[in-house]
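Have a look at the structure below, then the notes.
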């Protein structure tokens, strides 16, 4: 198994600068280090359907890990149920000055202020196109593209529709990243009125496109969520990702890096992201697919997100700490919970906590 090869190397990798270690991980995956020769076969109980497609398991890799769509196929072979590349911008950009990525080991967290460093849509789209050159090259799980705007010279109503045009022939869903804290002005696009304008601009240029999701920040005020949900629904979005990294610094952080600027992810975000998911699920009332993200590191965390209304979940920080062994453990823990509770499949848990609260749960 891949984790048997990689896991012993993780302590050594963690001695490296965090960004250098990330580059090394991407290079290793490109070379096939620790990647199974055939895709991982999942227990049918883990399969679920949403956004008009089947997912072999509900666990995806969040955007930010594979910014330039270089290792989608290896990630799928490790056992992810879906893979998301990006965030990609119209033009290449270097991102913010280094250092800009910090491990908060004592807190099982990460702070990043990367600033959408990526190679730009031209190279990104070429790599996606290569996946369609033959069945043997495609990841064989749903593929998503996460898109954003450049720090300078951005025009959201121009840039997002153009990015959609470039990626839509190759992906199964598209995510509008409106919530990174590291691009000035980006989070203002979450405002319900601005979001409506943006979705209108997209609809004017694209009568058809893959399912469109919007990634939201966990720092939104509760009274902002209702208008955002309604704008997403009326504007034709099919889903929301709850949530991106937070600018907040919860009490009790122990790492010396806790005061670094940037977005915080990992264990300290868990309760905040779960609480926001519950509220958004109540407001959406089954009209949107929901993806839970933020602080997920156990099978119980996955079950809690699905019971709270998530169709799917995404991981990042826990994968950065644990490597491929994380996926094997998460699936084993979810299956154990299903057996203990006498539940046939993970999809049967969807919105279980909402059903007793008066909120409707539609398929």
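In my numbering, the protein residues as written are 45 to 407. Heads up, the beta-carbon is just placed ideally off N, CA and C, and yes, glycines get one too. As the structure is a prediction and not an experimental result, all values here were calculated from the model.
In chain order, what residues of the same chain have a beta carbon less than 7 Å from the beta carbon of residue i, not counting five sequence neighbours either side?
i           : result
residue 407 : Note that residue 407 scores a pLDDT of 38, beneath 50, so its modelled location is shaky and nothing firm can be said.
residue 176 : 182 and 214
residue 21  : It is not possible to answer for residue 21, since the shown part of the chain is limited to 45 through 407.
residue 79  : 46, 73, 118, 121 and 122
How is residue i classed by DSSP in three states: helix, strand or coil?
i           : result
residue 308 : strand
residue 130 : strand
residue 84  : coil
residue 77  : coil
residue 193 : coil
residue 98  : strand
residue 244 : helix
residue 257 : strand
residue 234 : helix
residue 249 : helix
residue 342 : coil
residue 290 : strand
residue 324 : helix
residue 71  : helix
residue 113 : coil
residue 301 : coil
residue 278 : helix
residue 371 : helix
In the DSSP assignment, what residue or residues form a beta bridge with residue i?
i           : result
residue 105 : 127 and 359
residue 217 : 188
residue 333 : 283
residue 153 : 148 and 310
residue 93  : 98
residue 13  : The displayed coordinates of the chain run from 45 to 407. Any statement about residue 13 would go beyond what the structure contains.
From the options, pick the residue whose C-alpha is nearest to that of residue i; which is it?
i           : options               : result
residue 102 : 72, 392 and 160       : 392
residue 258 : 90, 375 and 191       : 191
residue 33  : 127, 245, 141 and 311 : Because the chain is modelled from 45 through 407, residue 33 falls outside the range shown and cannot be assessed.
residue 250 : 159, 89, 280 and 324  : 280
residue 262 : 308, 71 and 60        : 308
residue 136 : 147, 269 and 160      : 160
residue 355 : 293, 305 and 286      : 286
residue 114 : 91, 212, 397 and 162  : 162
residue 328 : 295, 142, 275 and 186 : 275
residue 110 : 293, 266, 90 and 168  : 168
residue 347 : 375, 324 and 325      : 375
residue 143 : 282, 64, 323 and 266  : 64
Determine the direct distance from the alpha carbon of residue j to that of residue i, and round the result to whole angstroms.
i           : j           : result
residue 199 : residue 193 : 8 Å
residue 81  : residue 377 : 24 Å
residue 218 : residue 298 : 36 Å
residue 145 : residue 365 : 14 Å
residue 155 : residue 260 : 17 Å
residue 131 : residue 139 : 12 Å
residue 387 : residue 84  : 23 Å
residue 195 : residue 112 : 17 Å
residue 210 : residue 170 : 10 Å
residue 152 : residue 318 : 17 Å
residue 119 : residue 184 : 11 Å
residue 367 : residue 75  : 16 Å
residue 237 : residue 77  : 47 Å
residue 288 : residue 228 : 15 Å
residue 395 : residue 350 : 6 Å
residue 379 : residue 92  : 13 Å
Could you pull out every residue in the same chain whose Cβ sits closer than 8 Å to the Cβ of residue i, ignoring the five residues on either side in sequence?
i           : result
residue 264 : 234, 272 and 320
residue 88  : 389
residue 247 : 279 and 280
Got a sec? Which residues, its chain only, sit under 6 Å from residue i by beta carbon, not counting five neighbours each side?
i           : result
residue 362 : 341 and 370
residue 106 : 337, 358 and 360
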